[in-house]
Structure formats: C-alpha cells, structure tokens
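In order, the protein sequence lines correspond to chains A and B. Here the first sequence is numbered in numbering that gives the first Met the number 0, starting from 0 and rising by one per residue. Here the second sequence is numbered in numbering that gives the first Met the number 0, starting from 0 and rising by one per residue.
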Amino acid sequence: MNPSFLPSRRKVLQGLGAAAAATAFPRYAYAADPLKIGLILPMTGPFASTGRQITAACKLYLQTHGDSVAGRKVELIIKDDTGLAPETTKRIAQEMVVQDRITVLAGFGLTPLAFAAAPVATEAKVPMIVMAAGTEVIPQRSPFIVRTGFTLPQNTAPVALWAAQNNIKRVFSLVTDYAPGHDSEKTFVNRFKAAGGTIIEAVRTPLRNPDYAPFLQRAKDSKADALFVFVPSGEGLAVMKQFEERGLKQTGMKMIGPGDVVDDDILVSIGAPAVGVITSMHYSAAHDSPENKAYVAAMTKANPGMRPNFHSVGGWDGMHLIYEAVKKQPNGNGQQLVEAMKGMKWTSPRGPMMIDPATRDVIQNVYLRETRMVNGEPWNIEFAKFENVKPSGDL
Amino acid sequence: MSEPGPAGAVAPRLPTDRWRAAEIVFWLALVAAFFLFPQHRVLGSQILITALFAVSLDLILGYAGIVSLGHAAYFGLGAYVAGILAVHGWGEPISGLLIAGLAGALFGFATSILVVRGSDLAQLMVTLGIGLMMYELANQLSSITGGADGLSGVAMNKLLGAFSFDLAGSTAYVYSVVVLFLLFVVARRIVASPFGLSLRGVRENRKRMPAIGAPVTRRLIAVYTVSAAMAGVAGGLLTQTTQFVGLDVFGFPRSADLMIMLVLGGAGRLYGGIVGAAVFMLAHHWLSDLNPIYWQFWLGLLLVVVVLFARGGLLGAIDVVRGRFGGRER
Numbered sequence: 000m001n002p003s004f005l006p007s008r009r010k011v012l013q014g015l016g017a018a019a020a021a022t023a024f025p026r027y028a029y030a031a032d033p034l035k036i037g038l039i040l041p042m043t044g045p046f047a048s049t050g051r052q053i054t055a056a057c058k059l060y061l062q063t064h065g066d067s068v069a070g071r072k073v074e075l076i077i078k079d080d081t082g083l084a085p086e087t088t089k090r091i092a093q094e095m096v097v098q099d100r101i102t103v104l105a106g107f108g109l110t111p112l113a114f115a116a117a118p119v120a121t122e123a124k125v126p127m128i129v130m131a132a133g134t135e136v137i138p139q140r141s142p143f144i145v146r147t148g149f150t151l152p153q154n155t156a157p158v159a160l161w162a163a164q165n166n167i168k169r170v171f172s173l174v175t176d177y178a179p180g181h182d183s184e185k186t187f188v189n190r191f192k193a194a195g196g197t198i199i200e201a202v203r204t205p206l207r208n209p210d211y212a213p214f215l216q217r218a219k220d221s222k223a224d225a226l227f228v229f230v231p232s233g234e235g236l237a238v239m240k241q242f243e244e245r246g247l248k249q250t251g252m253k254m255i256g257p258g259d260v261v262d263d264d265i266l267v268s269i270g271a272p273a274v275g276v277i278t279s280m281h282y283s284a285a286h287d288s289p290e291n292k293a294y295v296a297a298m299t300k301a302n303p304g305m306r307p308n309f310h311s312v313g314g315w316d317g318m319h320l321i322y323e324a325v326k327k328q329p330n331g332n333g334q335q336l337v338e339a340m341k342g343m344k345w346t347s348p349r350g351p352m353m354i355d356p357a358t359r360d361v362i363q364n365v366y367l368r369e370t371r372m373v374n375g376e377p378w379n380i381e382f383a384k385f386e387n388v389k390p391s392g393d394l
Numbered sequence: 000m001s002e003p004g005p006a007g008a009v010a011p012r013l014p015t016d017r018w019r020a021a022e023i024v025f026w027l028a029l030v031a032a033f034f035l036f037p038q039h040r041v042l043g044s045q046i047l048i049t050a051l052f053a054v055s056l057d058l059i060l061g062y063a064g065i066v067s068l069g070h071a072a073y074f075g076l077g078a079y080v081a082g083i084l085a086v087h088g089w090g091e092p093i094s095g096l097l098i099a100g101l102a103g104a105l106f107g108f109a110t111s112i113l114v115v116r117g118s119d120l121a122q123l124m125v126t127l128g129i130g131l132m133m134y135e136l137a138n139q140l141s142s143i144t145g146g147a148d149g150l151s152g153v154a155m156n157k158l159l160g161a162f163s164f165d166l167a168g169s170t171a172y173v174y175s176v177v178v179l180f181l182l183f184v185v186a187r188r189i190v191a192s193p194f195g196l197s198l199r200g201v202r203e204n205r206k207r208m209p210a211i212g213a214p215v216t217r218r219l220i221a222v223y224t225v226s227a228a229m230a231g232v233a234g235g236l237l238t239q240t241t242q243f244v245g246l247d248v249f250g251f252p253r254s255a256d257l258m259i260m261l262v263l264g265g266a267g268r269l270y271g272g273i274v275g276a277a278v279f280m281l282a283h284h285w286l287s288d289l290n291p292i293y294w295q296f297w298l299g300l301l302l303v304v305v306v307l308f309a310r311g312g313l314l315g316a317i318d319v320v321r322g323r324f325g326g327r328e329r
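Here you go:
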C-alpha cells in the first residue's frame with residue numbers, strides 16, 4: 000500500500016485536536032454562526048391560511064432585507080404542526096432546539112399550541128416570537144415569549160366603545176369557545192356594559208367543525224341591535240354566509256367585532272355580504288401609509304391572488320424584531336436577544352408599534368374600520384384610530 | 000381480518016410462547032435506536048406511545064374482532080387523569096400511570112357492556128359515539144380540563160426520583176420503551192393463552208363459540224377492559240412525557256389514524272401495531288419535512304399502495320415474501 004495514502008500521525012493529532020476544540024466550545028456563537036429561525040405553523044388543516052400568510056411574509060422579509068444580518072446567515076426552518084395537536088407543536092419545538100440548534104422559535108398559530116411550546120422556550124432559553132396566537136396571557140407563560148401579533152382585548156375594546164357611542168343598545172354576542180374567544184367576549188361584555196349597553200345573550204361555538212346556523216337563528220330571534228362576533232381567522236367565511244342566508248342584515252342588525260371575521264385573506268371570497276360590517280383591528284390591507292402600500296404591493300407580487308392579512312404582518316414584524324435584535328446583539332444568547340427586543344419601536348405596515356418592556360407584548364394603534372366596496376372589491380376602510388392601545392385593551 | 004391467525008391451522012395445541020430470534024432482535028433494535036438516533040428521541044418516544052396504543056387496539060380488533068373508531072376515549076381519559084393528577088400535585092410518574100390505566104380499565108369495563116353486544120356496524124357507531132361524547136365532555140368541563148386551550152401546568156416529578164423529563168427526550172424514550180415492553184409481554188401472554196385462543200374463536204365464528212362452552216360476552220368484556228386499560232396507560236404516558244394535554248387526545252382523527260396504523264402494520268399479530276405506528280409516524284415526519292404543505296398527498300398514496308398490494312399489512316407482506324423464497328414452514 001502506498002504509505003502516503005495513510006494520514007500522518009501529526010495530521011491525525013491535528014484533526015483530533017480540532018475536533019476536541021470544536022466540541023469543547025459548542026455553545027459560543029461566532030460571526031459565521033447561522034441565525035436559524037424555526038417557524039412552527041399550521042400549514043395544513045383548517046388553520047392553514049394562517050401558516051400560508053405568515054410564511055409568505057417571512058420569506059418576503061428575507062427577500063427584501065437580505066438573507067444575512069450582522070454577518071450571520073439567516074436560515075428559515077418551516078415545519079407544519081397541523082394546527083390541532085399541541086403535542087406535535089411541542090415536539091417540533093423540542094426537535095428544533097435539540098437537533099437544529101435554532102436561535103429563535105417563531106410562529107404559533109393558535110393559543111393552545113403556544114401554551115404547549117412555552118415550557119420548551121423557558122427550558123432551552125430561546126426567544127419565542129408569537130406571531131399569531133392572540134390570548135392576552137400568552138407572554139406570561141414564559142419569560143422568553145415576545146409577541147408581534149396582537150391581543151384580543153386590544154382588538155375588541157375599541158369596537159365596544161364605538162358601539163356604545165353609536166346608538167347600539169342591545170347586543171347578541173357569539174364567540175368561538177377557546178381562550179381568545181373568552182378574552183374577546185369578556186372584554187366586549189365588560190366594556191360595553193360599562194358604557195351603558197345591554198348584552199342579551201352570549202353564546203360560544205365549538206372550535207372544531209362549528210355549525211353557525213342555529214346560533215345565528217337565535218341571534219336573529221333575539222332582535223338585537225347588533226351581533227358581536229369573534230371567530231378565528233378563516234372561519235369568517237362560514238359566519239358571513241349564514242348571516243347573509245338567514246337575512247340578519249335585512250332585519251337591520253349590524254355585525255360588529257374584532258376584525259377576524261372580515262379577515263383580508265378571505266374578504267374577497269366573502270364579497271358583498273361583508274359590506275357594512277364594523278370592526279376594530281390593528282391591521283387592514285387598506286391601511287393608508289407608504290409602508291403598507293409597498294408591503295401590499297410586494298406581497299401580492301410574490302404571491303399572486305393573495306391579499307396580506309393581519310397574521311402576515313405578525314410574521315413580517317416578527318422577522319423585523321429578530322433582525323433588529325440581532326443587529327443590537329450580534330452574538331447574543333437567548334436572554335440577551337429578548338432584552339434587546341424589549342422596548343423596541345418601529346413603523347410597521349400596520350402603523351407605529353412597540354414591544355412593551357414590562358409585558359414583552361405588543362403596544363400598537365388599533366383602527367375602527369368599515370367594510371366597503373372599492374373598485375368592485377371589499378376592503379376594510381379605516382375611519383378612526385386609537386393610539387398606543389395596551390395589550391389589556393386599556394384605551 | 001378474516002384470514003386465520005398464525006397458529007390457526009396447526010394441530011390442536013396452544014401457540015408456542017417461546018420468544019423467537021426475530022422478536023429479540025426487534026426489541027434490541029428499539030434499544031439501539033436510543034443510541035443511534037440521539038436527536039430523535041422525542042419523536043421516538045411518541046412513536047412508542049402510539050405503538051402501545053395500537054397494540055391495545057390490536058387486542059380487540061385483531062384478536063377479538065371488535066371494530067372501534069373511538070379508542071381515543073380511553074387514551075384521552077388516561078391522558079387527562081394523569082394530567083389532572085400532576086396539576087394537583089401528584090407528580091409521581093409511575094403511580095400516576097397506574098391510576099391512568101385503572102381509569103381506562105374502569106371506563107372500558109363500563110362501556111364494554113354497550114360495545115360488545117352489537118354487530119360490526121353497531122360497534123363502530125357505539126365506539127364513535129363514546130369518543131365524541133368524551134371529547135365534548137372534556138371541552139365543556141373547561142374548569143377541570145382547560146377546555147380547548149388544553150391542560151397546562153403539568154409538572155412531573157423525576158422518574159424514580161432520579162431522571163427528570165429532559166428536552167432531548169432521553170428519559171421519555173427509555174420510560175416509553177420500558178412501559179411498552181412490559182405491557183407488550185402481558186398482551187403477548189394473553190393472546191397465547193387459552194383465553195386468547197377463545198377470542199380468536201369468537202372472531203372467526205361468534206355463534207359457534209357458545210356451543211363449545213365459551214361465554215362470548217364475558218370474554219369480550221374482559222379483553223375490552225384490558226385493552227382500555229392499556230390505552231389509558233398510553234394516554235398517561237403521552238401526558239407525562241409531553242407535560243401537556245390537549246383536547247385532541249379525544250379527537251376522532253386519533254382513533255381513525257390508529258386504525259390506519261394497525262391495518263398498515265397488520266392487524267392480529269401484535270407487532271403489526273408497533274410497525275404500523277412506526278412507519279406511519281416516520282413517513283408523516285419525513286414527508287412533512289420534505290414539504291410542509293403537500294405532504295399529506297404522499298402519505299395517502301403510501302396507504303393506498305399498502306392496502307392494495309400488501310394484504311395483512313406490512314408484516315403480512317413480509318410473511319408472503321418469506322413464504323415465496325423458501326422461508327420456514329409455519
């Protein structure tokens with residue numbers, strides 16, 4: 000055998016030394032360490048639209064802002080948790096931490112899924128960016144959670160005030176029976192009553208496979224002035240269809256609520272029945288600002304046929320938050336990144352927003368909108384705004 | 000399901016209870032997987048838990064011929080019992096698991112009386128109904144179960160006072176392997192006993208069994224209760240290793256997937272459940288990694304192919320291949 004074929008003893012020792020050195024300091028990030036962002040989202044199943052919107056926004060952010068930040072290459076790892084199985088979400092989060100060694104966990108389409116993953120973030124000391132799930136208490140579940148989406152109290156309080164001031168006296172409330180729905184119902188009922196209104200009845204529909212017909216019939220029979228609705232993104236289509244078919248609008252009943260029911264993602268499919276719905280929300284694709292015009296144009300160009308919705312800006316701003324935090328702390332650990340995120344302020348397509356240093360939750364403007372036809376398509380047109388609304392919904 | 004079991008056509012003696020070499024290799028492989036794939040221990044533990052659940056279904060479906068689309072009722076009950084115990088301070092895993100199994104057994108016994116009376120179709124409907132009722136019950140009792148938001152705050156003590164449930168899933172994997180093995184031994188013993196043979200008799204011809212003096216209903220109630228207990232343990236195991244319980248433990252998809260796994264692996268041969276669960280979940284994991292959006296198509300295709308070309312599931316296909324290439328006569 001040709002002796003030069005065998006590695007020399009020195010080479011072997013060098014190799015071993017290098018390997019030992021590499022394993023001795025595995026935790027320290029160096030400049031070329033990639034910034035791995037683990038996105039866990041429902042990409043299939045009933046909540047797939049949330050996953051689609053957020054991944055589209057995150058990819059667009061990467062395209063427009065470059066795929067490296069502070070010298071670190073950005074890698075997006077996208078995984079489907081199907082939206083319904085919390086133990087899958089948790090398992091994926093664990094695998095991302097143990098196997099992929101991600102820097103940041105992000106996504107989280109529904110509240111139960113964020114709850115399930117929270118202990119992983121705490122134990123692994125990895126920032127967890129909640130882009131979609133909207134129950135107020137989520138950031139309390141782990142000191143590593145930072146939210147870039149919204150909270151339900153935030154998006155509900157303004158419309159409660161508007162209803163009370165606009166001659167709506169008696170309201171029938173319909174929410175989905177899970178934490179965000181409870182949050183929304185509680186906020187609306189408390190604030191509307193405090194402002195002098197009456198709640199005729201508050202019903203809750205199941206989260207999975209709901210049938211809205213009987214509930215809307217009850218709402219119709221109640222002869223309320225308005226129907227307050229919260230359903231998760233995507234479900235609005237079924238609600239609006241029943242609202243139209245049962246002729247609630249013809250009885251003069253107004254539909255109000257947080258903006259989820261007239262989600263931009265499905266608004267075109269809903270079409271004319273949505274006209275006249277009054278909602279309050281932090282984002283409308285029709286928001287009038289140069290940032291938003293550029294954002295909507297870029298999103299529509301990259302994803303033909305898709306109109307960006309409020310979940311997509313949660314993804315977009317989540318990416319922005321991660322980029323900015325890494326710029327401040329290029330090689331920061333999880334704790335340092337979370338510290339860097341606290342108190343950060345910027346102008347998003349949705350308008351000005353900031354991360355509350357105390358709660359790690361989002362403080363932002365919330366707008367009152369009316370759904371109107373513009374150029375043959377329905378849009379949520381903003382007509383009033385509440386500035387810097389807190390996560391608790393205090394105006 | 001109508002084909003004779005492995006020992007069906009042989010001389011009238013009890014099936015041999017001796018461990019075959021292939022079985023020993025199989026269990027050693029599960030141990031080896033712990034060391035070979037240290038990064039996949041979390042997935043591994045969830046596969047093992049699902050495998051245990053599949054074995055419990057195999058006892059009633061593969062051996063006794065009871066079709067069930069609601070086996071998640073017992074799995075979910077075990078999961079919630081273990082979870083609620085841990086939330087209220089009973090964080091000791093092993094006793095928690097036993098109580099979860101006991102809860103499954105009690106509920107299984109109570110409902111078995113409804114299930115074992117009917118024909119196949121009636122059994123499907125009754126089990127489906129039980130599953131849906133449990134789901135809705137857990138959804139409504141949100142003060143106890145956390146409703147649709149799931150039960151969080153499940154704090155487990157260290158296993159045996161020494162091993163905490165870690166992020167990498169090492170404790171979860173070992174714990175799951177040991178529990179699966181112990182309960183598998185029990186299930187193996189049951190199906191190889193005269194009692195197990197009488198179950199196969201019931202499966203093959205329910206009307207004839209009373210003629211040879213076998214009390215059909217009592218046998219079915221007994222095996223259903225054992226199966227429910229095993230499902231309860233599997234549920235408890237899932238709760239303890241993930242420290243979270245979601246409503247989906249009672250969900251219809253869990254029962255339906257389970258039946259798919261069992262048919263995929265091969266019903267009526269105990270190992271079929273384990274192999275089916277492993278193949279189904281690994282395919283799911285691998286395909287959804289390749290493409291997070293369209294992976295379900297490929298999974299569906301795999302199932303169609305297996306059902307078309309591998310009767311008796313994957314293990315059945317292996318038997319056919321072995322028979323064709325001069326494998327041992329059985």
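Think of the CB as a built atom: it goes at the ideal place given N, C-alpha and C, for glycine as much as any other residue. This one's a predicted model, so the numbers in the text were calculated from it and none came from an experiment.
* Asked: Buried or exposed: which applies to Phe324/B, given that a residue is buried once 16 or more other Cβ atoms fall within 10 Å of its Cβ?
  -> exposed
* Going by CA-CA distance only, name the one from Ile98/B, Asn138/B, Thr126/B and Leu301/B that's closest to Asn204/A. => It should be pointed out that residue 204/A corresponds to Thr in this sequence rather than to Asn. It is Asn138/B whose Cα lies nearest to the Cα of Thr204/A.
* Asked: DSSP three-state call for Phe149/A: helix, strand or coil?
  -> coil
* Asked: Going by Cα to Cα distance, which pick from Ser151/B, Arg187/B, Ser55/B and Phe52/B is closest to Arg19/B?
  -> Arg187/B
* Asked: From Glu369/A, Ile137/A and Val228/A, pick the residue whose C-alpha is nearest to that of Gly180/A; which is it?
  -> Val228/A
* Report buried or exposed for Ala161/B, applying the criterion of at least 16 other Cβ atoms within 10 angstroms of its Cβ. => exposed
* **Segment contact flag, the segment 263-283 of chain B with the segment 119-133 of chain B, C-beta cutoff 8 Å, min 3 pairs** => no
* Asked: How many angstroms separate the CA atom of Thr22/A from the CA atom of Gln98/A?
  -> The pLDDT assigned to Thr22/A is 47, lower than 50, so where the model puts this residue is not dependable; a value taken from the coordinates is nonetheless given after this. Cα to Cα, Thr22/A sits roughly 15 Å from Gln98/A.
* Can you tell me which of the three DSSP states Arg203/A falls into? => strand
* **Cβ separation of Ala223/A and Met254/A, assumed to be a contact under 8 Å, to the nearest whole Å** => About 11 Å separates the two Cβ atoms, so there is no contact after all.
* Hey, is the segment 296-308 of chain A in contact with the segment 134-145 of chain A, meaning 3+ C-beta pairs nearer than 8 Å? -> no
* State the Cα-Cα distance for the pair Leu34/A and Arg71/A, rounded to the nearest angstrom. => 6 Å
* C-beta contact flag for Val397/A and Gly333/A at 8 Å -> Lying before the first or after the last residue shown, residue 397/A is absent from chain A, which here runs from 0 to 394.
* Listed from N- to C-terminal order along the chain, which residues in the segment 60-94 of chain A have their beta-carbon within a distance smaller than 7 Å of any beta-carbon of chain B? -> Ile77, Lys78, Asp79, Leu83, Ala84, Pro85, Glu86, Lys89, Arg90, Gln93 and Glu94
* **Cβ-Cβ separation, Val96/A to Val325/A (assumed contact under 8 Å), whole Å** => Their Cβ separation, rounded to whole angstroms, is 18 Å, which puts Val325/A and Val96/A out of contact at 8 Å.
* Asked: Within the chosen definition, does the segment 242-255 of chain B reach the segment 187-207 of chain B through at least 3 CB pairs nearer than 8 Å?
  -> no
* **Stretch-stretch touch, CB-based, cutoff 8 Å, three pairs: the segment 255-264 of chain B with the segment 103-114 of chain B** => no
* With a threshold of 16 other CB atoms inside 10 Å of the CB of Leu83/A, please say whether the residue is buried or exposed. => buried
* To do: List the endpoints of the continuous beta strand (DSSP E) containing Tyr366/A.
  => Val361 to Val373
* Asked: With respect to the beta strand (DSSP E) encompassing Val228/A, which residues constitute its N-terminal and C-terminal limits?
  -> Ala225 to Phe229
* Tell me whether Pro33/A sits in a helix, a strand or coil according to DSSP, three-state version. => coil
* Asked: Can you tell me the Cα-Cα spacing of Ala273/A and Asn308/A, whole angstroms?
  -> 16 Å
* Whose C-beta lies closer than 7 Å to the C-beta of Val238/A among residues of the same chain, with five residues either side of it excluded? -> Tyr211, Val228, Val230 and Val260
* To do: Within the segment 60-136 of chain A, note down every full alpha helix (DSSP H) run reaching 4 residues or more, in order along the chain.
  => 85-97 and 110-123
* Report all residues from its chain with a CB closer than 7 Å to the CB of Ala201/A; omit the five preceding and five following residues, and keep chain order. => Ser172, Glu184 and Val188
* **Rounded C-alpha distance that separates Leu403/B from Gln216/A** => Any answer about residue 403/B is impossible in this case: the structure gives chain B only from 0 up to 329.
* Asked: With a Cβ-Cβ cutoff of 8 Å, do Pro152/A and Asp182/A count as a contact?
  -> yes
* Does the Cβ-Cβ distance between Arg371/A and Ser283/A come in under 8 Å? -> no
* Asked: Would a check of beta-carbon distances place Thr241/B closer than 8 Å to chain A?
  -> yes
* Asked: Counting only beta-carbon atoms, is Tyr211/A nearer than 8 Å to chain B?
  -> no
* Asked: Can the beta-carbon of Val153/B be found less than 8 Å from the beta-carbon of Leu47/B?
  -> no
* **Residue-chain proximity (Ile292/B, chain A), Cβ-Cβ < 8 Å** => yes
* Asked: For the segment 36-48 of chain A against the segment 284-303 of chain A, are there 3 or more C-beta pairs whose distance is under 8 Å?
  -> no
* Asked: Between the segment 108-134 of chain A and chain B, which residues of the former have CB atoms less than 7 Å from a CB of the latter, in chain order?
  -> Thr110, Pro111, Phe114, Ala115, Pro118, Val119, Glu122 and Ala123
* Got a sec? Which residues, its chain only, sit under 7 Å from Thr144/B by beta carbon, not counting five neighbours each side? -> Tyr79, Ala137 and Leu150
* Which parts of the segment 285-342 of chain A are runs of the alpha helix (DSSP H), unbroken and 4 residues or longer, counting only runs that do not cross its ends? -> 289-301, 309-327 and 333-340
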